[in-house]
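In the UniProt record's numbering, the protein residues as written are 1 to 313. Comments concern the structure below.
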């Protein structure tokens, strides 16, 4: 390729040739015309200076300048659009990062909450086991003392019976089998010769503790479900729990993973899962009765099954 000659160009100026000039060639032409052009300038800036000068010298017509200004305006518009697009992409990327970070933080907080709850439940379970063990040891100790005659009958039957000293000997309440618990309590009370007028007071101590435990467990459950003294929220949570008792375990797990907030949402999730995985509901608990008119309809024998014989007697 031959070197660009500014003098030759000025002897035969051509608009098309001018717009094909490279940046270095434009700078060479600008210096030849004794214009203030620098290498630090952008190409279109250098072209603008030279075009205006050539138009002022009437080398180019003014239409060339107008066309150039229009082209430069379009270029600036495209550059502005591109900068705006880059800004939008940057904001979108930052928003996605924020959402990911928020989701990560929520998962971290949920894991920490579960760990705290599990740790507290484990501590309560260990404490109950410790109390049960201590009770068993006290009972064994008393039994041995009674057998050895170290505890006299008069001591157990004294009129000033101290309830506080015997409360720790009351067996822990067993909610799973209440009848069995009361029988066990009677055996303990009779073996220790507790006056019957104090039985109710002794039982009251463990029943109150059981009620407090139930209340604490319920409060923790409400807190984990974010009820916050909201009656409508509590109503939905209870209905969802009852609904989950009536469905298969895998459907129940799916609803738990999706964190359904309302009974309607839980039912919709169960329908979606059932349609996708082709599952059926379990038999409903006795507390739920069907209102369908065909609920008690006798099942017809399917094909291949023997039909019942008519009674001819």
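Backbone N, C-alpha and C fix where the C-beta goes; we use that ideal spot for every residue, glycine too. None of these values were measured; they are calculated from a predicted model.
Rounded to the nearest whole angstrom, the C-alpha separation of residue 194 and residue 124 is 29 Å.
Taking C-alpha positions only, residue 176 is separated from residue 100 by approximately 45 Å. Relative to the Cα of residue 52, the nearest Cα in the group 108, 266, 35, 215 belongs to 35. Comparing C-alpha distances from residue 23 to each of 273, 37, 14 shows the shortest one belongs to 37. Taking a 10 Å sphere around the C-beta of residue 251, we find 16 or more other C-beta atoms and assign the residue as buried.
The Cβ-Cβ distance between residue 197 and residue 169 does not fall below 8 Å. Rounded to the nearest whole angstrom, the CA to CA distance from residue 56 to residue 27 is 19 Å.
In this structure, DSSP gives residue 194 a state outside helix and strand, which the three-state scheme calls coil.
In chain order, 174 place their CB closer than 6 Å to the CB of residue 181, counting only its own chain and leaving out the 5 sequence neighbours on each side.
Less than 8 Å divides the Cβ of residue 240 from the Cβ of residue 263. A direct Cα-Cα distance of roughly 20 Å separates residue 89 from residue 102. Relative to the Cα of residue 128, the nearest Cα in the group 85, 172, 231, 118 belongs to 172. For residue 276, the enclosing alpha helix (DSSP H) covers residues 263–277. Residue 47 is classed as buried because its beta carbon has at least 16 other beta carbons within 10 Å across all chains shown. The Cβ atoms of residue 61 and residue 32 do not sit closer than 8 Å to each other. In this chain, the alpha helix (DSSP H) harbouring residue 43 covers 43–56. Taking C-alpha positions only, residue 104 is separated from residue 187 by approximately 56 Å.
Inter-residue distance for residue 136 and residue 121 is about 22 Å (C-alpha atoms, whole angstroms). Per DSSP, the unbroken alpha helix (DSSP H) holding residue 6 starts and ends at 6–11. In the same chain as residue 43, and ignoring 5 residues on each side of it, the C-beta atoms closer than 7 Å to its own belong to 23, 26, in chain order. The three-state reading of DSSP puts residue 81 in helix, counting H, G and I together.
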